[in-house]
Each structure stands twice: as C-alpha cells, then as structure tokens.
Amino acid sequence: MVTVSDTPLDGRCPEGNIANRWDQRKRDLKLVAPNNKRKYTIIVVGTGLAGGSAAASLAELGYNVLSFCIQDSPRRAHSIAAQGGINAAKNYQNDGDSVWRLFSDTIKGGEWRSRESNVYRLATLSTSIIDQCVAQGVPFAREYGGTLANRSFGGTQVSRTFYCAGQTGQQLLLGAYQAMMCQVNAGMIKTYSRREMLDLVIVDGVARGIVTRDLVTGKFETFAGDAVVLCTGGYGNVYYLSTMAKTCNVTAAWRCHKRGAFFANPCYTQIHPTCIPVSGDHQSKLTLMSESLRNDGRVWVPKAKDDNRSPDQIPEDERDYYLERRYPGYGNLAPRDVSSRAAKERCDAGYGVGSTKTSVYLDFTKAIQTYGENVIREKYGNLFEMYQRITAEDPYKVPMRIYPAVHYAMGGLWVDYNLQSNLPGLYVLGEANFSDHGANRLGASALMQGLADGYFVIPYTVGDHIANRKLTKVSTDRPEFQAALDAAKSRVNAILNVKGTNSAEYFHRALGKIMWDHVGMARNERGLLKAIDSIKSLREQFWQDVKVLGSGEQFNQNLEHAGRVADFLEFGELLASDALHRDESCGGHFREEHQTDEGECQRNDDKYMYVGAWEYQGVGKESILHKEPLAFVDAPTGVRSYK
Ligand SMILES: Cc1cc2nc3c(=O)[nH]c(=O)nc-3n(C[C@H](O)[C@H](O)[C@H](O)COP(=O)(O)OP(=O)(O)OC[C@H]3O[C@@H](n4cnc5c(N)ncnc54)[C@H](O)[C@@H]3O)c2cc1C
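So the sequence shown is residues 172 to 814, counted in our numbering.
Laid out in structure tokens, this is it:
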C-alpha cells in the first residue's frame, strides 16, 4: 500500500486566461535592482542547453554565477548529441501552426499528464528561442531563398522543427557556450569543469550550496550561494543501454531527493523507435537515428513471418508499412511511444528482420527515387554516414534496420510553475525536472524546453526568490556544509572499502537488464514486483561485492561510475514502484493490463490524472506519494488517436 499525503501538491500556477498567465506571473514576480544583483551568487549545476542558457542569462542580468559540469569543458554536455531539431510555433510554413496548436499537440502527445499552464508557456516562448539563437549566429538550415527551413517530427501534422542538419544540439550548445564564455570573460561566471556535485546543502530550510568532488584530483569542495539551479539532465542510463551519453546520471537529482526534493513521475521514460538495434551482449551504448529520418524514410516489415529474403527481393505488395496502415493520419511520423510499441508488436509477432529478428526496416528507396540521392544526402548525410560506420551497411542502397531504445526521461525532480522544487532556493531546469512533456515527449521538444527554462523562465523567477527571502550571506564554515561534506566523503569511502570482486559495470549491466525486461516498453504487475525485489537484492550485492581499483585521491573513472551506479540502484526501485502504483497505461508507461483491443494505452483519468511526486523516506523504505491534481480546460481530455 502506498502512503499518500493528505495535502494536494500545488503547482502554484497563475489563474485566468491561459494565454496571459505567464505575463501575469511576470507582473507579480518581485525584482532585484541591477546594482543589488551583483551581491548575489547563483550556483548553476550542468552546462547543457538548460544550464548553459541559464548561466549565461543570469550572468548577463548581473548575478555572480558559479557553473559546474562533469565534462572537461562546458560544451561537451550531453546536449551536444541532439540531432534532429527544435520546435517553435513560428508558422513559417503557413501550414496551420500556432502557439495553440503546439500547446495542444504537446498536451495530447503527453497523454494529458502534464500541466496546461506550463505547456502553454513553453509553446509561447518557443518563438523567442529561435530569434535568440539566430541572433547568436546558430546556423539553422535555410531554404534556397534564405528563409529558415522546417521539417516535421512525430505527433504533429505541421512542419515546425528548426534544425542544423543532424547537429542541432551541437550548434545550439555552441550558441549557449559562447554566451557563457562572454560572461566568463566579463568576470560574471566562474566555471568549474570536472566537478561532480555530490550533495545539496540546506541552511534554515533553503538550498544554499553544494558539495563537489574534483574528478581529476579527488578533492572535495563546498560552495555557497543564494540559489542552486540544477540542470543535470536525465536518468535514462538507469537502463544501462540507452542513446544517452555514457556520463548521463541521476546522482545530483537523487542526492537532492534524499535531502527532501520530491521526485515526480519517474516511471515516464521515453523509448525512441528509431535506434540502431542491439546486436549482442558486448554493447555498452546504443545509437539514435534521428526521428527526422521518418520525414522521408518509410518503416516496414515483410508481410510473411520469418521472411529471410533480402529487402530488395521483397515486392511492394508483400511489405507491411505498418505505421502507415495503423496510423494513416500521421503515418511514419506517429509519436515515439506509439511507434515504438508498434515495432515491438510486429517483432514479437514474428515479423522482425535482421539476424536477431528484433528490428524493422527504415527505407529511403522511394525518397531517393523521388528527390534524388543528393537531396537526401544534403538533409541527412551525417546520419547516413554514422549508420554506415556502425553497421557497415550503406543506407543509400539497403534500408536501415532500427529498433526502439531508451532515450529520454520525462520524469525528474518536481518543480512548480516558477521551476522551483519543493525545497526553497532549489530550481530544476531541462531534462532534470519532471518537465512539460507528461507521459510522452514529442520529438524536438526537449531542446525547446531546456532553452525556454534557461533563457526565458529562470531569469525572472530566481529574482523573486532572492527579493522575497532577504537572504543573509552564508559561509561554507557553517556546520550544515561540514555535515554534507562528511556525508559525501563517507559514501565515496564506503564504495572504495567494499573491495569485492565485481566491477561497477557488472552491476550497471545487471540493473539495466532488470529495468529493460520488467520496466521497459511493456510493464505488468508481476514483472514490476519481481523487478523491485531483484533491484533490492542487486543493491545488497553491490554493497558487499563491488570492486573499485585505485584510490579516491586521483582521477578514477571506476570510482565515478560506481558512485553513479549506487544511486541508480536506489533510484531504479523508485522508478519501478512508481510504475507499479500507476495502474493505468499512458504515453511511455504501458501497463499490459490496461490496453484497448487495438493494443493502445487505456488511461484511467478518474484515478490517475495527477503528477505523482515522491518524498524520500530512506533506502529501501516506501516513499510517500504527493499528488498534484491536473485539470484540462483549454486542451480537454480525449482519446489519443493518431489514425
Ligand atoms: C542522441 C540524442 C539525440 C537527441 N536529439 C534531440 C533533438 O533533436 N531535439 C530535441 O529536442 N531533443 C533531443 N534529444 C534530447 C535532448 O538532447 C536532451 O533532453 C537535452 O539536451 C538535455 O539537456 P539538459 O541541459 O537538460 O541536460 P544535459 O545536456 O544532459 O546536460 C547535463 C549537464 O549536467 C552536468 N552534470 C550531470 N551530473 C552532474 C553532477 N552530478 N555534477 C555536476 N554536473 C553534472 C553534465 O556535465 C552536463 O553539463 C536528444 C537526445 C539524445 C540522447
């Protein structure tokens, strides 16, 4: 039985006409005068699109910013891997797009499990992001005449995705990075690379600092500030194999959770349909083939089971273009959760292709015939090259083979409309927060959300916290800092002292298998109960048997990894428990017990139309559930159909 808090959680959204709510909130937020801003220090952890844009914007406003990341340079954050594009409701195509349509597509895409007010704000701010990035010099793709080009992503019937070939994240991150570096040069940002945040420091109930470990020297440090802005990305690597960068982790968010920050909707994990399939036990990473490819690529499997002919030998009428068949309204651009399940269904039914029979074709033959190879090369050249390098197959000649893989975390730390967690002074941005995407994120919306949070929301809301609280300076000499420092050190030492026989990698792989098998694309009560038990015993085994060579006073990537795996072993249990408690299907959370005759999600709005935010009670102890009720007035609930 889950213990549920009696008090509903309040997202503190403004009231009134949805289109005016953000303006209303900005009018109500208190300001900090320009000459006072320089008296305040803001700690920004993470330098991806959320953290980079936040650090640059806050420093431009005049705050002192301390910026932290685990990579050797801020511009190596995971955001750099983003390929396909970023959405904005500019309606440059004159194809019926609008702020309202982006809002309603996103709410429907997330299966009515996100906050209306936030999503409307996101859709509104989307247009400013493009202007901001163009002004920074981000080289978006352009039409022959010079106007910005667009393409489509899943779950929409318009073209609103701006892109820089297959390197959108890289170009956007360079924009944010140069804005940051400008402020570094001006003395407003101090960067700390290769620093891992290991704890949050709370003084008098307000987040006032962090504990870090220098990943090169092993030295522990503490930093004090007036607010902590967490932008540490998503937790998809709890599944071990994912499309995310190997360093993506849950550690900073999890340590904040252990200090009292609520963790919301952890069971909403995105599984992306368009990835290079697993080819054996040796892999440590999976590769995304961008959703943008489904603008021109057609997804199919043979109509006959176990058809071993090569794809060019299978005539047109013996192919099943199953997305076009099942979802004629959206075709190959059905949203990710829906397309992933459809691929799994075909493969489970025996129609899969490739040696493992767990992949489907993504075929460009028709597009190449229609537009010519050069046009396709211009649009997707780097993605085709990447595919060829990994698989040794030429996708200009034979169809790509793809299968779903873990890709993105919709869940994260709970935040209110101001992006403040339930811990005053702790703000959470980008993929690290529980975000605006509900139970499923639409393609090209993560970059949009991270940049909206960093460039346009936090610069307003953090000032309100500072102006309202009249914060006094705190020093790292305070006992709260010492206590957090001691806790972080003793956890690292505890890992080193196990001196067991198996590597962190071994435990991470084992955890990933449990998660994928029982908490992956399809979940059921029996499997989830089994997963929870298995995670508990794997965690016990970890603390008796993990082996980390070397010491803590040196560059030691095994130690870093072991620390993150230890946190995943705690977090994985919460993720599975959240999936168990949510006895309905919605978006990326598919409970086999709740499906329609056609294998689609069956929601239970009467019982589960809320954000589920968990309060930590101790390792292995049941967390307390706080429910934030959701209401849908401007985008009324309905059947989520893409037919
Ligand atoms: C292959 C791939 C392609 C994608 N393509 C697209 C796309 O085309 N469009 C789209 O909208 N989305 C895309 N996404 C999703 C999108 O890239 C991410 O959701 C987004 O970039 C996350 O940004 P972020 O700033 O929140 O976090 P990240 O970019 O993950 O940055 C996290 C930062 O936190 C730091 N950090 C983490 N832990 C700690 C710690 N303990 N201490 C200190 N620092 C820490 C890291 O060093 C890093 O700087 C893609 C994702 C993948 C995996």
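Idealized CB from N, CA, C, for every residue including glycine.
The structure displayed is predicted, hence computed values, not measured ones.
Residue i - DSSP class collapsed to helix/strand/coil
| i | result |
| --- | --- |
| MET557 | helix |
| CYS402 | coil |
| ARG209 | coil |
| ARG480 | coil |
| CYS518 | helix |
| GLY380 | strand |
| VAL290 | helix |
| ALA784 | strand |
| TRP283 | coil |
| LEU386 | coil |
| ALA395 | strand |
| GLU602 | helix |
| PHE803 | coil |
| PRO650 | helix |
| ARG365 | coil |
| THR458 | coil |
| TRP156 | In the structure displayed, the chain extends from 172 to 814; residue 156 sits before or after that span and is not available. |
| ARG198 | helix |
| VAL531 | strand |
| LEU180 | coil |
| ILE706 | helix |
| MET351 | helix |
Pairwise C-alpha distance: residue j and residue i
| i | j | result |
| --- | --- | --- |
| PHE627 | LEU296 | 7 Å |
| VAL645 | ILE381 | 12 Å |
| PHE535 | CYS772 | 30 Å |
| ASP477 | ILE485 | 12 Å |
| TRP687 | MET571 | 23 Å |
| LYS660 | VAL421 | 18 Å |
| THR529 | HIS443 | 15 Å |
| ARG384 | ASN553 | 37 Å |
| ARG507 | LEU613 | 7 Å |
| MET172 | GLN715 | 30 Å |
| LEU345 | THR218 | 11 Å |
| LEU504 | ASP276 | 13 Å |
| LYS197 | ASN191 | 10 Å |
| VAL719 | VAL663 | 11 Å |
| GLY405 | VAL524 | 31 Å |
| SER674 | ARG710 | 13 Å |
| LYS550 | TYR211 | 46 Å |
| HIS428 | ILE373 | 12 Å |
| GLN653 | ASN593 | 23 Å |
| ALA357 | CYS335 | 29 Å |
| ILE214 | GLN354 | 15 Å |
Beta-carbon spacing of residue i, residue j below 7 Å
| i | j | result |
| --- | --- | --- |
| GLY625 | VAL203 | no |
| ALA576 | LEU457 | yes |
| GLY233 | CYS402 | no |
| LEU642 | ASP397 | yes |
| ARG366 | ASP243 | no |
| THR393 | LEU229 | no |
| LEU682 | PHE739 | yes |
| LEU459 | THR414 | yes |
| ASN668 | GLU764 | no |
| ALA378 | LEU597 | yes |
| ASP648 | GLU287 | no |
| LYS208 | ALA638 | no |
| GLY601 | SER461 | no |
| THR768 | THR808 | Reading the sequence as shown, one finds Asp at residue 768 and not Thr. Against a cut-off of 7 Å, the Cβ pair of THR808 and ASP768 comes out as no contact. |
Integer-rounded CB distance, given that residue j should sit under 8 Å from residue i
| i | j | result |
| --- | --- | --- |
| TYR498 | VAL472 | Not really, about 15 Å apart at Cβ, beyond 8 Å. |
| ILE573 | ILE447 | 7 Å |
| ASN258 | PHE324 | 7 Å |
| GLY691 | SER285 | The pair is not a contact, with the Cβ atoms about 22 Å apart (cut-off 8 Å). |
| LEU386 | GLU793 | Wrong, their Cβ atoms sit about 34 Å apart, outside the cutoff. |
| PHE803 | TRP283 | 6 Å |
| LEU622 | SER224 | 5 Å |
| TYR813 | GLY500 | 6 Å |
| GLU487 | LYS474 | The pair is not a contact, with the Cβ atoms about 11 Å apart (cut-off 8 Å). |
| GLN254 | GLY340 | 7 Å |
| LEU533 | ALA347 | Not a contact, Cβ separation roughly 31 Å. |
(message) With a threshold of 8 Å, are at least 3 pairs of Cβ atoms found where one atom belongs to the region 431-446 and the other to the region 766-785?
(response) yes
(request) Specify whether the region 327-340 and the region 256-270 touch according to this definition: at least 3 beta carbon pairs, one from each stretch, less than 8 Å apart. (result) yes
(request) Could you say if the region 172-191 and the region 578-590 meet the contact criterion of at least three C-beta pairs nearer than 8 Å? (result) yes
(request) Would you check if the region 740-756 and the region 696-708 touch, i.e. whether three or more CB-CB distances between them fall below 8 Å? (result) yes
(request) State whether the region 722-740 contacts the region 613-623, with contact taken as three or more CB pairs (one from each stretch) at a distance under 8 Å. (result) no
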